[in-house]
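Trainee: For reference, each letter of the sequence shown is one residue, going 1207 to 1516 in the working numbering. Could you have a look at this structure, given as structure tokens, before my questions?
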Amino acid sequence: MNINRAYRYLQHEDPTHPKYHIALICFIYALQKRELFEAHVYSKLAKMHKDDKNKEILLQVAEFDFKHQATLETFTKKKASVSQVKVWLFGVLATLLGYTFVAKMMEKKLSFPLDNFMRTLLVQYDDHFVQWFHEEKEHEYLLLQTLDEERLRYVSSMVLGLNDALIEITATLAGFSLSMTNNHMIGVSGLILGISATLSMASSEYLSNRSENNPEALKASILCGITYLIVSLSLVAPFFLFPTEHKSEAILSMLLIALLIIIVFNLYLSVTKEIAFKKRFIEMFLITSIITAISFSVGFLADRYLNTTI
């Protein structure tokens, strides 16, 4: 029985039922395994890290989790084990998305049983233990808030590049698609625009940061430009991949890629920056959709009244 199944069972069963105690032990054991797994992940992240301050924080959190699983073991009387392959995969994920993302994702995943459940159920064993465990997790969470990951300092620049590319390139390609009949021509036009706009956006971001005396102006502008270019290339790609006669499929693919980028990026921000996913996603989706619809309309009017079809 995993932690979610045990949680659901314990919510609805009578505490006097014989299976209730078994489910409770299963819940504690699942929690014990989770703590041990997190301890190994934090230890791995600490080994991967070069910054002494962040390394120390990650090692402290790992020590907390090793201590938690040892305490939980006194209740379950069972030894827990972890998959080293899974630990390695989380290390890869940390390399790609950052250790802050991995750390906060793991803590977020565990929040429901701690906040809604442990105070009421584990009190059957030891009220002092419940209070101690909850305070330990709170302290662990506060420690994680002090992590200072370099890539997250430039999130505002990345958001600027992503938002601008999504709106500008999606809208432009939508407009081109109604005044051009050739997929490759639309793609080439979008590619030229994307590269030019990347240089323009990076330059503007550099000058903006320099005016604020930001010593990291160059790095911020480079990240802004790279984000813009990656989004631009992703949106333009379908027009090169689909044959000319499949223009509708290319447009639909572009729109789906734009939607996927919005979802993935907002999920990333919701974890690392603890921003509400739904509100931010709806906002970005509506803005992109409205501007794209307007560009479609401009392309349609240009095609109909100005006879600009190429």
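C-beta: ideal position from N, C-alpha, C; glycine also. None of the values given here were measured: they were computed from a predicted structure.
1) Specify, as a first and last residue, the run of the alpha helix (DSSP H) that residue 1376 falls within.
2) Would you mind sorting residue 1558 into buried or exposed? The rule is 16 or more other CB atoms within 10 Å of its CB.
3) Just the C-alpha distance for residue 1306 and residue 1469, rounded to the nearest angstrom, thanks.
4) Could you check if residue 1261 belongs to the surroundings of the ligand ATP, using beta carbon to heavy atom distance under 8 Å?
5) Span of the alpha helix (DSSP H) holding residue 1258?
6) My assumption, with CB atoms under 8 Å, is that residue 1247 sits in contact with residue 1349. Please give the rounded CB distance.
7) Secondary structure at residue 1444, three-state DSSP: helix, strand or coil?
8) To the nearest angstrom, report how far apart residue 1240 and residue 1381 are at their CA atoms.
9) Where does the unbroken alpha helix (DSSP H) through residue 1285 begin, and where does it stop?
10) Please determine, among 1510, 1270, 1486, the residue with the shortest C-alpha to C-alpha distance to residue 1369.
11) Would residue 1360 be called buried (16 or more neighbouring beta carbons within 10 Å of its own) or exposed?
12) Would residue 1297 and residue 1250 be called neighbours here (beta carbons separated by less than 9 Å)?
13) At the level of alpha carbons, what is the spacing between residue 1277 and residue 1238?
14) Which class does residue 1403 belong to by DSSP, given the choice of helix, strand or coil?
15) Helix, strand or coil: which one does DSSP assign to residue 1463?
16) Which of the three DSSP states, helix, strand or coil, is assigned to residue 1398?
17) Take every Cβ of the stretch 1412-1429, pair it with every Cβ of the stretch 1453-1465, and state whether three or more of those distances are shorter than 8 Å.
18) Between residue 1385 and residue 1304, is the Cβ-Cβ spacing less than 9 Å?
19) Note down the Cα distance separating residue 1295 from residue 1495, rounded to an integer number of angstroms.
20) Taking buried to mean at least 16 other C-beta atoms within 10 Å of its own C-beta, is residue 1511 buried or exposed?
21) What is the rounded straight-line gap between the Cα of residue 1389 and the Cα of residue 1379?
22) Residue 1366 and residue 1407: beta carbons closer than 9 Å?
23) Can the beta-carbon of residue 1479 be found closer than 9 Å to that of residue 1358?
24) Could you have a look at residue 1355 and say whether DSSP puts it in helix, strand or coil?
25) Mind checking which residues open and close the alpha helix (DSSP H) that includes residue 1301?
26) Starting from the C-beta of residue 1371, find all residues in its chain whose C-beta is less than 6 Å away, skip the five residues before and the five after it, and write them out in chain order.
27) Let me check understanding here. Comparing Cα to Cα, which of 1446, 1285, 1236, 1503 lies closest to residue 1391?
28) Which residues in the same chain have their Cβ closer than 8 Å to the Cβ of residue 1263, if we skip the five residues on either side of it in sequence?
29) Is residue 1245 helix, strand or coil by DSSP?
30) From residue 1507 to residue 1500, what does the alpha carbon distance come to, in whole angstroms?
Mentor: On the basis of the data shown:
1) 1361-1385
2) For the chain, the structure presents residues 1207 to 1516; residue 1558 sits outside this window and is missing.
3) 19 Å
4) What this structure holds is no ligand at all, so the ligand ATP is not there to describe.
5) 1258-1282
6) About 15 Å separates the two Cβ atoms, so there is no contact after all.
7) helix
8) 51 Å
9) Segment: none, residue 1285 is in no alpha helix (DSSP H) and carries neither H nor E.
10) The residue with the shortest Cα to Cα distance from residue 1369 is 1486.
11) buried
12) yes
13) 9 Å
14) helix
15) In the structure shown, the three-state DSSP call for residue 1463 is helix.
16) helix
17) no
18) Not a contact, by the Cβ cut-off of 9 Å.
19) 36 Å
20) exposed
21) 10 Å
22) yes
23) Cβ atoms of residue 1479 and residue 1358: closer than 9 Å.
24) Three-state DSSP puts residue 1355 in coil, outside helix and strand.
25) Its alpha helix (DSSP H) spans residues 1290-1303.
26) 1434, 1437, 1438
27) 1446
28) Around residue 1263, the same chain offers 1349, 1350, 1352, 1353 as residues with beta carbons nearer than 8 Å, after the five sequence neighbours per side are excluded.
29) Secondary structure at residue 1245: helix, using DSSP grouped into helix, strand and coil.
30) 11 Å
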